[in-house]
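Here the working numbering is used: the first residue of the sequence shown is 681, the next is one more, and so on.
Structure, as structure tokens:
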Amino acid sequence: MPRLLCQRLAFPIPIATSPIPFPYFPTKSLNFPKNPTPYLAMANPSAAKAPITHVIFDMDGLLLDTEKFYTEVQEIILARYNKTFDWALKAKMMGKKAIEAARVFVEDTGLSDSLTAEDFLVEREAMLQKLFPTSELMPGASRLIRHLHAKAIPFCLATGSNKRHFELKTQSHHELFSLMHHVVNGDDPEVKQGKPSPEIFLAASKRFEGGPVDPNKCLVFEDAPSGVLAAKNAGMSVVMVPDPRLDSSFHDAADQVLGSLLDFNPSDWGLPPFDNPAS
Ligand SMILES: O=P(O)(O)OC[C@@H](O)CO
Ligand SMILES: [Mg+2]
Numbered sequence: 681m682p683r684l685l686c687q688r689l690a691f692p693i694p695i696a697t698s699p700i701p702f703p704y705f706p707t708k709s710l711n712f713p714k715n716p717t718p719y720l721a722m723a724n725p726s727a728a729k730a731p732i733t734h735v736i737f738d739m740d741g742l743l744l745d746t747e748k749f750y751t752e753v754q755e756i757i758l759a760r761y762n763k764t765f766d767w768a769l770k771a772k773m774m775g776k777k778a779i780e781a782a783r784v785f786v787e788d789t790g791l792s793d794s795l796t797a798e799d800f801l802v803e804r805e806a807m808l809q810k811l812f813p814t815s816e817l818m819p820g821a822s823r824l825i826r827h828l829h830a831k832a833i834p835f836c837l838a839t840g841s842n843k844r845h846f847e848l849k850t851q852s853h854h855e856l857f858s859l860m861h862h863v864v865n866g867d868d869p870e871v872k873q874g875k876p877s878p879e880i881f882l883a884a885s886k887r888f889e890g891g892p893v894d895p896n897k898c899l900v901f902e903d904a905p906s907g908v909l910a911a912k913n914a915g916m917s918v919v920m921v922p923d924p925r926l927d928s929s930f931h932d933a934a935d936q937v938l939g940s941l942l943d944f945n946p947s948d949w950g951l952p953p954f955d956n957p958a959s
């Protein structure tokens, strides 16, 4: 398996050459449904990797530095119950639709007798609405989006965030996010189940010009284990840019792992190279 030396992480990162056997179930419990409906990949897993023609971006934690807001608010709520928030719980919640993440939160913290998932969402909403408008871009996000746009590579957004939260988070980044061909939100009618279901990425692939796009030709960028699984379950390739505090065992399913979008080399995926790689 070729090994890509990744400058930032300073250790070789394997690029998966053989597709992950499908249906793919995580090696670690990611709060998968009790009787998991096998998410059979839509693409033939043995097919050689087609060149990438379309890109699908995740948003929270990948393009915008917003996961810290969820953590901050959840720590405040847990402190009221003398409990602490940890990255094992974070790994299970991130990337999910709000109500699905809320159910994980109240169950895993043992609060379900005193706090319903719905009440948790109400409690955190006011605090999040103050924080979201201050959302900043992750390193490399603007450069990559503008590069793909300049080279006419179709790209879109598929985020577990609902439309209201999307608007709050992007309100000072309108011009950049307006470059997206389309946006699929977590509360989209076509998205019945959140990540790791492949639904949101399959819905996103359908809405490109001439869609649905062959999943084999789609490259997803994600930060969360649930998002990486969703991409693999959709038969797509996925570059993971995880928070350094996330346990590295959650990197296994990704085709490539980077320390930052600044480390992404489009040529690795048959995409046009940056005009000025050092920028
Ligand atoms: O899918 P993304 O954009 O990461 O959104 C997830 C969000 O619900 C917070 O974890
Ligand atoms: Mg994310």
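Where is the CB? At the ideal position from N, CA and C, for every residue including glycine.
To the nearest angstrom, report how far apart residue i and residue j are at their CA atoms.
i    : j    : result
L817 : L744 : 4 Å
E879 : A910 : 8 Å
L758 : V921 : 27 Å
P946 : D799 : 44 Å
T796 : V786 : 7 Å
E630 : F944 : Outside the modelled stretch of the chain, which goes from 681 to 959, sits residue 630, for which no answer is possible.
M860 : E747 : 21 Å
N762 : E755 : 10 Å
L856 : D793 : 43 Å
L769 : E752 : 13 Å
D923 : E889 : 33 Å
A832 : N956 : 17 Å
L808 : S852 : 16 Å
V893 : G790 : 42 Å
K897 : A934 : 16 Å
D948 : V802 : 44 Å
H829 : R760 : 46 Å
L720 : G915 : Because L720 sits at a pLDDT of 32, beneath the cut-off of 50, its placement in the model cannot be relied upon, and the following sentence gives the value as read from the coordinates. Whole-angstrom Cα-Cα distance: 9 Å.
A838 : T764 : 30 Å
R844 : D738 : 16 Å
G950 : I732 : 6 Å
F954 : L941 : 13 Å
F881 : I736 : 8 Å
H931 : V937 : 7 Å
D788 : D867 : 24 Å
P952 : R826 : 12 Å
C836 : H854 : 14 Å
A782 : G939 : 28 Å
S929 : V918 : 16 Å
Taking DSSP's pairing of strands, which residues face residue i in a bridge?
i    : result
F930 : Bridge partners of F930: none, in fact.
F901 : F737 and V919
Q873 : Answer is none; Q873 lacks a bridge partner.
Q936 : V919
V802 : Note: V802 sits in no beta bridge, so no partner.
L817 : L744
D863 : A small correction: the amino acid at residue 863 is Val; Asp does not occupy that position in the sequence shown. Its beta-bridge partners are L837.
Just to check my reading of the structure: residue i and residue j have Cβ atoms closer than 8 Å, yes? What is that Cβ distance to the nearest angstrom?
i    : j    : result
N842 : P876 : Their Cβ separation, rounded to whole angstroms, is 18 Å, which puts N842 and P876 out of contact at 8 Å.
A821 : L926 : Contact doesn't hold; Cβ gap of about 18 Å is too wide.
K886 : G840 : 18 Å between Cβ atoms; not a contact.
M774 : A883 : Contact doesn't hold; Cβ gap of about 20 Å is too wide.
V871 : F846 : Actually they are not in contact, since the Cβ atoms of V871 and F846 sit about 13 Å apart, beyond 8 Å.
K849 : F812 : 5 Å
Please confirm if residue i has its CB atom under 8 Å from at least one CB of chain B.
i    : result
R844 : In the structure shown, chain B cannot be found, because there is only a single protein chain.
Taking the runs of the beta strand (DSSP E) that are 3 residues or longer, which of them lie wholly in the region 831-855? 835-838
With a cut-off of 5 Å, give the chain-ordered residues whose Cβ is closer than this to any heavy atom of ligand 1. D738, M739, D740, M774, G775, T839, G840 and S841
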